[in-house]
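Novice:
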Amino acid sequence: MIDPAAVFRDEAHEHLQVLETALLELEVRPGDAEQIVLAFRAMHTIKGAAGMVGFDHLSAFTHHLETLFDEVRNARLSLGPEAISLVLESRDHIETLLVDPEPDAGQLATSARLQARFLALMGEARAQPAAAEAAADDQGRPTAYALRIAPSAEAFADGFDPLPVLRELSGLGECHAVTTLSDAFDPDAFDPERCHLTSRVLLVTDAPRESLDDVFIFVADDWRITIEALDGEALDAMTELLVAEGALSAAAREALRGALAVPAVESGVPAAGAPAHAGEGGPAPGGKSPAPSSEPTVKVPQGKLDSLLDQVAELVILQARLEQLGLEREDEALDELAEEMSRLTTGLRDTAFDIRMLPIGSTFGRFRRLVRDLSRELGKDVVLETDGADTELDKLMLDRLGDPLVHLLRNSLDHGIESPEARVAAGKPARGTLRLAAGHQQGRVIITLGDDGAGLDGARILAKAVEQGLVRADTPLDEHEIHQLIFEPGFSTAARVSDVSGRGVGMDVVKSSIESLQGRVTIDSRPGEGTTVRIELPMTLAIIDGLMVAVDERRYVVPLSVVEECIETTGEAAGQRGGVRLVEHRGSLMPCLRLREHFAVAGPAPAIEQSVVVRVGEAFLGLTVDAVIGHFQTVIKGLGRLYQGTPGVMGATIMGNGEIAMILDVAELFAETRPDRGR
196 MIDPAAVFRD EAHEHLQVLE TALLELEVRP GDAEQIVLAF RAMHTIKGAA GMVGFDHLSA
256 FTHHLETLFD EVRNARLSLG PEAISLVLES RDHIETLLVD PEPDAGQLAT SARLQARFLA
316 LMGEARAQPA AAEAAADDQG RPTAYALRIA PSAEAFADGF DPLPVLRELS GLGECHAVTT
376 LSDAFDPDAF DPERCHLTSR VLLVTDAPRE SLDDVFIFVA DDWRITIEAL DGEALDAMTE
436 LLVAEGALSA AAREALRGAL AVPAVESGVP AAGAPAHAGE GGPAPGGKSP APSSEPTVKV
496 PQGKLDSLLD QVAELVILQA RLEQLGLERE DEALDELAEE MSRLTTGLRD TAFDIRMLPI
556 GSTFGRFRRL VRDLSRELGK DVVLETDGAD TELDKLMLDR LGDPLVHLLR NSLDHGIESP
616 EARVAAGKPA RGTLRLAAGH QQGRVIITLG DDGAGLDGAR ILAKAVEQGL VRADTPLDEH
676 EIHQLIFEPG FSTAARVSDV SGRGVGMDVV KSSIESLQGR VTIDSRPGEG TTVRIELPMT
736 LAIIDGLMVA VDERRYVVPL SVVEECIETT GEAAGQRGGV RLVEHRGSLM PCLRLREHFA
796 VAGPAPAIEQ SVVVRVGEAF LGLTVDAVIG HFQTVIKGLG RLYQGTPGVM GATIMGNGEI
856 AMILDVAELF AETRPDRGR
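When you number the sequence shown by this note's numbering, it's gap-free, plus one each residue, and the end is 874.
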């Protein structure tokens with residue numbers, strides 16, 4: 196059974212994110228009408244939905260924010276920095292109120308304090324004689340609307356009471372309603388848990404049409420709703436119905452007709468998001484057809500999705516075993532069955548994993564607020580620029596990526612970007628810039644976080660590392676290796692402990708968090724120009740397409756996304772560089788790493804070996820093996836204690852015959868061929 200409170204919380208969190216994004220945009224572009232409307236609708240929706248599911252205090256509190264944005268929307272109030280900060284603080288408070296319908300004493304005190312600030316802000320605005328008032332008065336006379344509201348039969352079971360909706364409408368103006376049993380009501384099949392009501396409503400209001408649509412945002416997909424602007428004969432017919440049903444007196448009817456002496460020009464259209472229903476006429480008045488509804492979506496608990504993906508992963512293993520069985524028995528019918536099974540499994544796998552892929556922008560979006568608040572706390576002027584927000588990543592990885600990125604952002608703000616005074620003195624703009632970007636490269640997700648700050652002080656880092664016993668004073672290290680020292684446990688060059696960063700913990704946790712996602716993190720810095728942190732991640736932690744290779748009796752899987760080609764090589768080398776064998780490849784020398792030597796596999800190598808040419812960035816590397824077996828769709832399993840920390844291995848998989856194959860970490864193997872790797 197649906198839990199209305201849980202549905203409301205999920206929806207409310209989404210609307211709060213919309214509100215926050217709109218506010219941050221309004222800081223950059225004050226007066227942006229589109230963002231103002233988005234913020235108003237977010238608050239209006241939360242207020243109405245909260246009342247329907249029993250969050251009465253939250254509904255009352257949110258009403259103040261809705262009123263504020265209504266004033267802004269109608270040009271009676273400008274949204275300055277003080278108001279934006281107040282709304283952001285209130286947005287955070289709403290998140291705490293979502294936990295329980297009954298707030299505690301501390302939450303009530305916070306609500307009262309924020310409400311007092313809202314009233315003071317609104318009072319100041321109303322006390323100022325502005326030309327905006329005249330403009331607001333000229334927006335239009337009251338309009339009469341006829342509404343037909345038919346809640347879904349499951350409205351009660353879903354926890355949606357129609358009465359709060361009618362109360363919401365009455366808050367927009369003069370409201371008269373008649374509620375009757377629906378036309379489809381069958382007394383013999385009466386079910387007290389199902390809703391059998393239909394309401395006919397006359398609403399006279401000077402609110403914009405969008406305000407009516409907003410009332411039904413939360414239920415528009417399930418309820419049947421029509422809204423029609425009335426004048427002339429249609430208005431007379433509606434008021435006659437209300438008088439006949441006793442919902443409107445004759446005197447009140449005449450008063451309404453007097454107030455509506457100026458005919459409304461707006462034609463009725465169906466409520467936003469409300470589909471047309473059989474029996475309710477054809478096109479909407481005015482000749483407009485209802486807009487097509489968006490594709491329906493279904494919310495599924497994360498646990499169910501994870502269970503589905505786990506079973507798909509196991510199905511992939513069974514499919515591999517079926518293929519192996521067909522090869523062993525040389526059974527043509529079994530081979531055909533295995534091929535069909537492979538096709539279906541691949542389609543199911545791709546569909547299942549597409550479900551769990553989310554744009555990384557959902558994580559990037561919340562960082563704008565973080566940068567805004569921390570830069571103000573630190574007395575700095577910093578703007579966050581993002582790119583590649585539509586880059587998709589496995590939701591499981593996305594959830595675990597948030598904390599490492601937060602720490603990196605804090606470090607850049609606290610230690611990377613200088614104060615405005617220091618930046619101006621260095622010939623830089625007073626405003627610092629953080630750049631957060633994401634993209635795909637050879638089957639992996641690349642995330643970079645760069646700043647235009649002072650850069651890393653290599654000499655200071657090295658001295659601190661020697662002092663802490665992380666390296667010996669006589670160890671030769673290049674600039675790149677010195678920079679990587681900041682990821683050592685407990686390392687910090689901060690002269691003071693900060694609430695933002697510099698406590699001597701964090702960067703090592705960032706590294707371990709990224710590595711737990713089968714990724715890697717590196718850092719590059721130039722003194723006076725800034726620092727860039729680069730994170731490489733697989734797109735998913737579950738299934739990859741690979742190339743199976745053999746070294747003696749051992750099997751290894753090379754991720755197919757980095758494979759360029761396979762070539763034959765002999766034991767002869769064209770040269771060496773830093774102890775790494777070089778072979779000729781397409782007119783140039785390419786480093787080759789013998790997996791037999793790297794993994795210490797005993798036994799002689801064949802006279803003719805195979806080299807799998809892989810590409811890492813713009814560089815090529817040959818992985819020399821005994822034989823190339825072929826394509827292999829593999830499920831990534833975690834490494835046991837015995838193999839954890841093995842260089843060049845990112846995971847393991849179970850083959851069709853039940854044996855284990857290691858999945859190679861190509862980027863780490865490539866690092867083994869660097870001339871300075873042994874330092």
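Even glycine gets a Cβ: it sits at the ideal position worked out from N, Cα and C.
Measure the alpha-carbon distance for Lys-706 versus Val-716 and round it to whole angstroms.
Specialist: 6 Å
Novice: Have a look at Thr-726 and Val-844 and give me their C-alpha separation to the nearest angstrom.
Specialist: 29 Å
Novice: If you run the structure through DSSP and keep just helix, strand and coil, what is Val-753?
Specialist: strand
Novice: By DSSP's criteria, Phe-815 is part of a beta bridge. Which residues make up the other side?
Specialist: Beta-bridge pairing links Phe-815 to Arg-810.
Novice: Just to confirm, is the Cβ distance from Leu-392 to Pro-359 under 8 Å?
Specialist: For Leu-392 and Pro-359, no; Cβs fall outside 8 Å.
Novice: Taking the straight line between their C-alpha atoms, what separation do you get for Leu-816 and Lys-832?
Specialist: A direct Cα-to-Cα measurement between Leu-816 and Lys-832 gives close to 25 Å.
Novice: With a threshold of 6 Å on Cβ separation, who are the neighbours of Met-734 within its own chain once the five nearest residues in sequence on each side are excluded?
Specialist: Residues of the same chain with a CB within less than 6 Å of the CB of Met-734, apart from the 5 flanking positions on each side, are Val-640 in chain order.
Novice: Given this structure, state the Cα-to-Cα distance separating His-371 from Leu-274, to the nearest angstrom.
Specialist: 35 Å
Novice: Give the straight-line distance between the Cα atoms of Gly-482 and Ile-422, rounded to the nearest whole angstrom.
Specialist: Summary for Gly-482: the model assigns pLDDT 37, below 50, so the residue's position carries little reliability, and this model does not support an answer.
Novice: Quick check: the Cα distance between Ala-447 and Val-373, rounded to an integer number of angstroms?
Specialist: Their Cα atoms are separated by approximately 16 Å.
Novice: If you measure between the beta carbons of Ser-708 and Pro-599, is that distance less than 8 Å?
Specialist: Cβ atoms of Ser-708 and Pro-599: closer than 8 Å.
Novice: Touching or not, the segment 200 to 219 and the segment 280 to 291, by the rule of three or more beta carbon pairs under 8 Å?
Specialist: yes
Novice: With distances taken between CB atoms, is the gap from Leu-742 to Val-753 smaller than 8 Å?
Specialist: Contact: yes.
Novice: Going by beta-carbon coordinates alone, are Val-267 and Ala-200 separated by less than 8 Å?
Specialist: no
Novice: Look at the alpha carbon of His-678 and the alpha carbon of Ala-315, and state the distance between them as a whole number of angstroms.
Specialist: A direct Cα-to-Cα measurement between His-678 and Ala-315 gives close to 52 Å.
Novice: Kindly indicate which three-state DSSP category Gly-482 falls into: helix, strand or coil?
Specialist: Residue confidence is low: Gly-482 scores 37 on pLDDT, short of 50, so the model does not pin down where it sits. No coordinate-derived value is stated.
Novice: State the Cα-Cα distance for the pair Pro-801 and Leu-818, rounded to the nearest angstrom.
Specialist: 15 Å
Novice: Leu-303 and Val-282: beta carbons closer than 8 Å?
Specialist: no
Novice: Does the segment 656 to 668 touch the segment 597 to 613, meaning 3 or more C-beta pairs lie closer than 8 Å?
Specialist: no
Novice: Could you tell me which residues DSSP puts in a beta bridge with Lys-706?
Specialist: The partner list for Lys-706 (beta bridge, DSSP) is empty, contrary to what the question assumes.
Novice: Please classify Lys-832: does DSSP put it in a helix, a strand, or coil?
Specialist: strand
Novice: For my contact list, Ser-406 and Leu-367 are in at a C-beta cut-off of 8 Å; report their separation, rounded to the angstrom.
Specialist: 6 Å
Novice: Ignore the nearest five residues each way along the sequence and tell me which others in Ala-348's own chain have a CB closer than 8 Å to its CB.
Specialist: Arg-389, Cys-390 and His-391
Novice: Whole-angstrom Cβ separation of Gly-653 and Glu-674, contact assumed at under 8 Å?
Specialist: 6 Å
Novice: Which of the three DSSP states, helix, strand or coil, is assigned to Asp-933?
Specialist: This structure cannot speak to residue 933, because the chain is shown only from 196 to 874.
Novice: Taking just the CA atoms, how far does Glu-572 sit from Asp-616?
Specialist: The sequence shown places Glu at residue 616, rather than the Asp named in the question. Roughly 16 Å separates the two Cα atoms.
Novice: Work out the CA separation of Ile-681 and Leu-513 for me, nearest whole Å.
Specialist: 44 Å
Novice: Taking DSSP as the reference, what is the three-state secondary structure of Glu-215?
Specialist: Helix.
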